[in-house]
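> Take a look at this one; I'll ask things after.
Chains as they are written, first to last, in the numbering used here: chain A, 1 to 235; chain B, 236 to 511.
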């Protein structure tokens with residue numbers, strides 16, 4: 001498993017711009033928060049998972065008050081990525097970084113509840129893994145691009161598991177396993193007993209014919225080393 | 236057909252053709268009837284029917300399953316009572332139609348009506364995974380998966396087990412169809428030479444409980460050609476005994492599993508062994 005000694009490349013930095021929601025609190029802050037709550041009530045989770053910047057140019061808050069405001073927002077599931085419109089002296093180490101040079105975007109309307117459920121369903125964030133506790137039979141196809149797949153049991157000849165993340169099989173793999181299907185090159189395949197037909201990570205694959213016969217019938221794992229699919233026994 | 240019954244619906248299936256579904260349906264149906272239960276065997280192989288031949292009823296077919304589904308005949312008119320076992324009935328398939336003539340509602344109605352009149356409904360599935368096979372398994376409470384100890388048959392059985400877990404009424408209700416493995420055409424000498432998958436290999440791959448091991452035997456072929464299931468025609472032969480044991484296991488009895496061996500007589504007992 002000595003696959004991590006890849007060559008160091010010189011560090012490069014790039015600038016990149018992103019879209020973020022901008023919240024502009026108006027004094028008095030207490031009332032502004034109440035208005036915000038009313039909006040969120042109509043559209044729960046509208047900001048969840050989205051980057052949010054805080055424009056404080058309309059307020060005059062002390063660093064402690066800004067800290068408190070950010071905490072109140074976090075309690076509402078709004079995570080502040082950066083602040084703009086305050087004096088650089090006030091932007092202490094405890095606060096999110098100061099943003100400058102933001103370009104205006106169009107105004108975003110908070111959707112009404114009916115529209116919200118139709119256009120932007122708010123999903124509860126589950127752990128990105130799928131557990132299958134029955135054998136996967138020939139002809140069955142398990143596709144889970146959101147994350148890892150764990151199978152307690154065997155994967156039959158002619159069955160396939162396709163995962164965005166890694167694949168763990170606590171049984172015999174006789175079929176096909178494709179990990180990293182959504183581009184995750186660090187995804188791996190682990191199986192308790194390998195008798196598979198095809199292993200793939202991302203776009204790199206190997207058929208059973210091209211896999212060292214000594215690996216068959218034992219525990220094995222596959223991972224990507226650069227552009228090479230590597231397979232080794234696990235003991 | 237007086238007292239109200241509540242039948243258990245069995246499907247005999249395999250995916251692959253030629254592994255012995257029809258002969259096993261006939262042998263198991265006859266064995267169950269011989270033990271006093273009231274049994275109907277249904278041929279779902281519309282267009283390629285065989286169960287009537289294996290049961291020796293081919294010259295008595297007037298109406299068939301498709302006629303009943305299409306309302307041309309009533310169910311009692313299509314049922315053929317066996318001449319040797321009064322508890323055994325056959326519902327034949329049509330030879331002139333194809334599987335498209337089977338409708339989901341029609342099959343559901345026929346099964347529902349039979350359930351009240353029999354102890355066992357044994358559905359002989361056609362090979363494949365298409366309409367005929369899926370409708371044969373649709374209402375099953377339990378499945379008997381017939382497998383030969385060779386890789387292609389085992390993989391097809393694996394496929395069928397997956398379908399039993401997704402396409403049956405029970406599966407759609409979130410329940411499980413009981414699954415039983417019947418290993419057919421087992422050659423003791425080929426197994427000894429490693430020319431066939433071993434019983435352990437088959438069980439490891441399919442991981443469902445073993446119902447029985449039927450040895451390859453000329454008795455089975457002879458019985459089929461005579462139109463008489465081996466459990467009637469040669470009830471004391473090795474395959475017939477294996478089928479009888481299988482039906483008793485189906486009813487919940489614990490019977491040690493006999494791995495067929497070539498040596499006869501006393502040695503046979505020494506090789507008796509319980510499989511997983």
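Note that CB positions come from ideal geometry on N, CA and C, so glycine has one too.
Note that the coordinates shown come from a computational prediction; the quantities given were computed from them, not determined experimentally.
For residue 368(B), which residues of its own chain have a beta-carbon under 6 angstroms away from its beta-carbon, when the five flanking residues on both sides are left out?
360 and 361
> Please report the straight-line C-alpha distance between residue 130(A) and residue 355(B), rounded to a whole angstrom.
39 angstroms
> Does the Cβ of residue 119(A) have 16 or more other Cβ atoms within 10 Å, making it buried, or fewer, making it exposed?
Caution applies to residue 119(A), whose pLDDT of 40 falls short of 50 and renders its modelled position unreliable; the value that the coordinates give is listed next. By the 10 Å Cβ count, residue 119(A) comes out exposed.
> Report yes or no: is there a C-beta of chain A within less than 7 angstroms of the C-beta of residue 442(B)?
yes
> Report yes if the C-beta distance between residue 478(B) and residue 448(B) is below 7 angstroms; otherwise report no.
A distance of 7 angstroms or more separates the beta carbons of residue 478(B) and residue 448(B).
> Between the alpha carbons of residue 166(A) and residue 181(A), how many angstroms are there, rounded?
9 angstroms
> Have a look at the DSSP bridge pairing and note the partners of residue 355(B).
Paired residue(s): 243(B) and 274(B).
> Per DSSP, residue 262(A) forms a beta bridge with which residues?
Because chain A here runs from 1 to 235, residue 262(A) falls outside it and cannot be looked at.
> Can you list, in chain order, the residues of its chain whose CB lies under 7 angstroms from that of residue 439(B), leaving out five sequence neighbours each side?
none
> Should residue 533(B) be labelled buried (16 or more other beta-carbon atoms within 10 Å of its own) or exposed?
Because chain B spans 236 through 511 in this model, residue 533(B) falls outside it and cannot be assessed.
> Which residues, in chain order, does the segment 133-154 of chain A contribute to contact with chain B at a C-beta distance below 9 angstroms?
134, 135, 136, 137, 138, 139, 140, 153 and 154
> Note down the Cα distance separating residue 376(B) from residue 416(B), rounded to an integer number of angstroms.
15 angstroms
> Which residue comes first and which comes last in the beta strand (DSSP E) that contains residue 494(B)?
Per DSSP, residue 494(B) belongs to no beta strand (DSSP E) and is neither H nor E.
> Does any residue of chain B bring its CB to less than 7 angstroms from the CB of residue 218(A)?
No, because no Cβ of chain B sits closer than 7 angstroms to the Cβ of residue 218(A).
> Between residue 175(A) and residue 465(B), what straight-line distance do the alpha-carbon atoms span, to the nearest angstrom?
38 angstroms
> Hey, which unbroken runs of the beta strand (DSSP E) at 3 residues or more fall wholly within the segment 315-387 of chain B?
323-326, 355-359 and 377-382
> Go ahead and label residue 463(B) buried or exposed: buried means 16 or more other beta carbons lie within 10 angstroms of its beta carbon, across all protein chains shown.
buried
> Under 7 angstroms, Cβ to Cβ, is there at least one residue of chain A near residue 367(B)?
no
> I'd like to know whether the C-beta of residue 394(B) is nearer than 7 angstroms to at least one C-beta of chain A.
Any Cβ of chain A closer than 7 angstroms to the Cβ of residue 394(B) would place that residue at the interface, and such an atom is present.
> Starting from the C-beta of residue 242(B), find all residues in its chain whose C-beta is less than 7 angstroms away, skip the five residues before and the five after it, and write them out in chain order.
349, 350, 353, 354, 355 and 356
> When the Cβ atoms of the segment 275-285 of chain B are set against those of the segment 475-490 of chain B, are three or more pairs found closer than 8 angstroms?
no
> Alpha carbon to alpha carbon, what distance is there between residue 458(B) and residue 158(A)?
36 angstroms
> Can you list the residues of chain A that residue 253(B) reaches, using a CB-CB cut of under 7 angstroms?
Result: empty, since nearest Cβ-Cβ is about 18 angstroms, beyond 7 angstroms.
> Can you give me the Cβ contacts of residue 206(A) inside the same chain, cut-off strictly under 6 angstroms, excluding the 5 residues immediately before and after it?
199 and 229
> Expressed to the nearest angstrom, what Euclidean distance is found between the alpha-carbon atoms of residue 162(A) and residue 142(A)?
6 angstroms
> I'd like to know if residue 207(A) contacts chain B, where contact means its C-beta is closer than 7 angstroms to some C-beta of that chain.
For residue 207(A), the answer is no, since every Cβ of chain B falls outside 7 angstroms of its Cβ.
> Could you say if the segment 246-257 of chain B and the segment 329-337 of chain B meet the contact criterion of at least three C-beta pairs nearer than 8 angstroms?
no
> Give a yes or no on whether the minimum CB-CB distance between residue 397(B) and chain A is below 7 angstroms.
yes
> Where does residue 6(A) sit, in a helix, a strand or coil, going by DSSP?
With a pLDDT of 46 at residue 6(A), under the threshold of 50, the predicted position of this residue should be treated as unreliable, and no value is reported.
> Can you tell me whether residue 419(B) is buried or exposed? The criterion is at least 16 other CB atoms within 10 Å of its CB, across all chains shown.
buried
> Are any of the Cβ atoms in chain B nearer than 7 angstroms to that of residue 196(A)?
no
> Hey, out of 378(B), 446(B) and 475(B), whose CA is closest to residue 402(B)'s CA?
378(B)
> Out of 213(A), 186(A) and 20(A), which one is the CA nearest neighbour of residue 82(A)?
Ranking 213(A), 186(A) and 20(A) by Cα distance to residue 82(A) puts 20(A) first.
> Where does residue 206(A) fall in DSSP's three states?
strand
> Along chain A, in chain order, which residues have C-beta atoms closer than 7 angstroms to that of residue 373(B)?
The premise fails here: residue 373(B) is roughly 18 angstroms from chain A at the closest Cβ pair, so nothing lies under 7 angstroms.
> Any beta carbon of chain B sitting closer than 7 angstroms to that of residue 319(A)?
Past the edges of chain A, shown from 1 to 235, lies residue 319(A), and the structure says nothing about it.
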